[in-house]
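Using the UniProt record's numbering, read the sequence shown as starting at 1 and increasing by one per residue.
Just below is one structure, and these are the notes that go with it.
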Amino acid sequence: MKLSFNYLLVGFISCAFWGCQPGKTSSDGDKVYTAANDLVNNNHKEDNPHNLTSADCDKIYTAANDHVNRYHMEKNAHDLDTAGVLLDGHLNDCRDYRVRMVNLRISVFVLAKDADRGYRFIDSLNAGEFGKTYLKQNYLSFFKAIAAIKMGDRQKRDSSFQEMVNNIWQYIGTHLSDQMALSEMFAMKAMIVDPEKVADEVISLKERMPPGNSDFLDMLSNSVRSMKYDVDLDEWK
């Protein structure tokens, strides 16, 4: 199975710069975490620490996800640390859950604003696992942008976003009908260019896009126009 992270990138940008809406924690979140934590600890004491069932993996993933949701509500960094520990212990043990676990692990790095570890984590993944050719490089550039924001370096932030735009544009050259890629590209571009200009650029694609994409381009143009331009770097240090 290919890792298909592209939908996360737009979500990450929204979380990073405009805030995330709180999620809902499981009513049995503490019980789920305790069961999963015991499972992790006991499993590492056994001779074969990788012999996990699908049910075991589900408990671990659910517990980690509950902690991420709880972080959205309470903003306690301990929840992100706990989610990271649970995921790191079994990313390679749960094949059926690997995509979900990797997605969640990346979101933890983003929420923690941990640009260095996030970059190294993405760099450790095989590019062949990603569903699209540009995705791995774009995640690396995204974490470079996070580091630049934390340092207050607008020039590096903008150059990192421009790298992502360029990577997607190259991909779109042979995948013009990929609406998700187009959405990503223009959302990123609107971070560093006036959204009004970007929205006009979206509309100009109507002449080049395959028939039947007019409504999509209209919606994308309207979404881009509503984006916040030239984010204050101090908001996300």
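Every residue gets a Cβ at the ideal spot worked out from N, C-alpha and C, and that includes glycine.
Asked: If you draw a straight line from the C-alpha of G131 to the C-alpha of C57, how long is it?; Found: 23 Å
Asked: Just to check, is the beta-carbon of D215 closer than 6 Å to a non-hydrogen atom of the ligand SAM?; Found: Absence of the ligand SAM is noted for the structure shown, with no ligands found whatsoever.
Asked: If you draw a straight line from the alpha carbon of A77 to that of E163, how long is it in whole angstroms?; Found: 30 Å
Asked: Is the distance from the Cβ of A64 to the Cβ of L86 below 7 Å?; Found: yes
Asked: Tell me which same chain residues have a C-beta within less than 6 Å of the C-beta of N167, skipping the five on either side of it?; Found: Y134, Q137 and N138
Asked: How would you label P195, buried or exposed, when you count the other beta carbons within 10 angstroms and need 16 or more for buried?; Found: buried
Asked: Assuming V193 is part of the alpha helix (DSSP H), what are its boundary residues?; Found: Here V193 belongs to no alpha helix (DSSP H), and DSSP marks it neither H nor E.
Asked: I'd like to know whether the C-beta atoms of R70 and D79 end up nearer to each other than 7 Å.; Found: yes
Asked: Straight-line CA distance for L111 to G118?; Found: 10 Å
Asked: Under the rule that 16 or more other beta-carbon atoms within 10 Å means buried, what is R95, buried or exposed?; Found: exposed
Asked: Where in the segment 193-220 do unbroken runs of the beta strand (DSSP E), each at least 3 residues long, occur, reported from the N-terminal end onward?; Found: none
Asked: At the level of alpha carbons, what is the spacing between S159 and V165?; Found: 10 Å
Asked: Quick one: Cα of S223 to Cα of K150, how far?; Found: 27 Å
Asked: Tell me whether R157 is buried or exposed, calling it buried when 16 or more other Cβ atoms sit within 10 Å of its Cβ.; Found: buried
Asked: Can you tell me the Cα-Cα spacing of E184 and F161, whole angstroms?; Found: 11 Å
Asked: Find the nearest neighbour of A199 within the set M227, F143, N213 and H175, judged by alpha-carbon distance.; Found: M227
Asked: By Cβ distance below 7 Å, which residues in the same chain neighbour V32 in space, the five residues on each side in sequence not counted?; Found: Because the pLDDT of V32 is 44, which lies under 50, any placement of that residue in the model is unreliable, and the number read from its coordinates should be weighed accordingly. Here the set comprises S26, K59, T62, A63 and D66.
Asked: Helix, strand or coil: which one does DSSP assign to C57?; Found: helix
Asked: Counting along the chain, where does the alpha helix (DSSP H) carrying G84 start and finish?; Found: A77 to H90
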